[in-house]
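K.L.:
The following block contains the structure, expressed as structure tokens.
Right, dumping it as structure tokens:
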């Protein structure tokens with residue numbers, strides 16, 4: 537009898553432990569989804585003062601909603617990988633820690649933002665581009681504007697990333713102008729910008 541009662545009590549305990557685990561799992565899942573949503577848009581990313589020029593340029597760009605349909609890509613759509621969920625969360629965590637460290641332990645105004653833009657392929661992911669621009673993969677010769685420039689990319693004949701060809705035309709319209717306005721005397725122009733100044 538004592539054995540049966542102990543077994544019943546153990547089952548009762550395991551049942552409530554299971555129910556509690558399920559409730560905790562649902563709460564943590566909802567919290568995680570909300571945290572990921574909250575930390576992925578321009579309002580959150582723009583909370584750092586140093587992101588002012590990027591945010592201003594983004595709001596004037598097609599990807600920032602300045603287009604004929606008002607469609608908007610969030611920061612994480614471009615600046616995080618979308619090939620798998622683990623890679624996404626690892627990069628989100630690392631990038632978040634890097635941003636907090638850079639904005640608290642370093643002087644972001646002294647950072648060479650223009651030089652960093654030349655490394656955009658390291659923080660603008662092709663998987664993000666291809667999530668929205670699915671039509672490029674299916675482009676045929678009937679649409680030469682889409683087909684020709686992207687043929688080598690999809691045939692894996694080039695190692696270039698999307699942003700290497702589209703750096704100055706997507707994401708942050710006229711970013712150099714906004715950086716110069718914000719950073720003032722701390723602004724470090726690119727060689728190309730300097731050549732343009734000399735030629736004027």
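In my numbering, the protein residues as written are 537 to 736.
From the three backbone atoms N, C-alpha and C, an ideal C-beta is built for every residue, glycine too.
(1) Please classify residue 736 as buried or exposed, where buried requires at least 16 neighbouring CB atoms within 10 angstroms.
(2) Report the start-end ranges of each alpha helix (DSSP H) in the segment 623 to 681 that is 4 residues or longer and not cut off at the edges.
(3) In its own chain, which residues sit with a C-beta less than 8 angstroms from the C-beta of residue 646, not counting the 5 before and 5 after it?
(4) Can you give the Cα-Cα distance for residue 660 and residue 699, rounded to whole angstroms?
(5) Do residue 742 and residue 596 have their CB atoms nearer than 8 angstroms?
(6) May I have a chain-ordered list of the alpha helix (DSSP H) segments no shorter than 4 residues that lie completely inside the segment 573 to 628?
(7) Anyone know if the C-beta pair for residue 611 and residue 576 falls short of 8 angstroms?
(8) Could you check which residue in 562, 565, 703 has the C-alpha nearest to that of residue 654?
(9) Using C-beta distances below 6 angstroms, list every residue in its chain close to residue 665, excluding the 5 sequence neighbours before and after it, in chain order.
(10) Please classify residue 688: does DSSP put it in a helix, a strand, or coil?
(11) Near residue 668, what residues of its chain come up, given a Cβ to Cβ distance below 8 angstroms and the 5 sequence neighbours on each side ignored?
(12) Assuming residue 700 is part of the alpha helix (DSSP H), what are its boundary residues?
(13) For residue 707, which of helix, strand or coil comes out of DSSP?
(14) With a 10 Å radius around its C-beta and 16 neighbouring C-beta atoms as the bar for buried, classify residue 712 as buried or exposed.
(15) In whole angstroms, what separates the C-alpha of residue 517 from that of residue 561?
P.N.:
Checking against the coordinates, here is how it stands:
(1) For the purposes of this step, residue 736 is identified with residue 200 of the chain shown, where counting begins at 1. For residue 736, the predicted structure reports a pLDDT of 42, less than 50, and the residue's modelled location is therefore unreliable. A value from the coordinates is still provided. Counting Cβ neighbours within 10 Å, residue 736 comes out exposed, since fewer than 16 surround it.
(2) Contiguous alpha helix (DSSP H) elements confined to the segment 623 to 681 occur at 649 to 653, 662 to 668, taking only those with 4 or more residues.
(3) Here residue 646 refers to the residue found at position 110 when the chain shown is read from its first residue. These residues qualify, in order along the chain: 722.
(4) Numbered from 1 along the chain shown, position 124 holds the residue referred to as residue 660. Numbered from 1 along the chain shown, position 163 holds the residue referred to as residue 699. For residue 660 and residue 699, the distance between alpha carbons rounds to 7 angstroms.
(5) The structure shown does not extend to residue 742, since the chain is modelled only from 537 through 736, so no value can be given for it.
(6) Taking only runs of at least 4 residues, the alpha helix (DSSP H) segments lying wholly in the segment 573 to 628 are 578 to 581, 588 to 595, 611 to 615.
(7) On the chain shown, residue 611 is found 75 positions in, with the first residue counted as 1. On the chain shown, residue 576 is found 40 positions in, with the first residue counted as 1. Going by C-beta atoms, residue 611 is nearer than 8 angstroms to residue 576.
(8) Along the chain shown, read from residue 1 onward, the residue named residue 654 stands at position 118. Checked all of 562, 565, 703; the closest Cα to residue 654 is 703.
(9) For the purposes of this step, residue 665 is identified with residue 129 of the chain shown, where counting begins at 1. Cβ neighbours of residue 665 beyond the five flanking positions: 698.
(10) By one-based count along the chain shown, residue 688 stands at place 152. In this structure, residue 688 counts as helix in the three-state DSSP scheme.
(11) Looking up residue 668 in the chain shown gives position 132. Same-chain partners within the cutoff: 609, 613.
(12) The count along the chain shown starts at 1 and reaches residue 700 at position 164. Per DSSP, the unbroken alpha helix (DSSP H) holding residue 700 starts and ends at 698 to 702.
(13) Here residue 707 refers to the residue found at position 171 of the chain shown. Coil, per DSSP.
(14) Residue mapping note: residue 712 aligns to position 176 of the chain shown, counting from 1. Around the beta carbon of residue 712, 16 or more other beta carbons lie within 10 angstroms, which makes this residue buried.
(15) The chain is shown only over 537 to 736; residue 517 falls outside these bounds and no answer can be derived.
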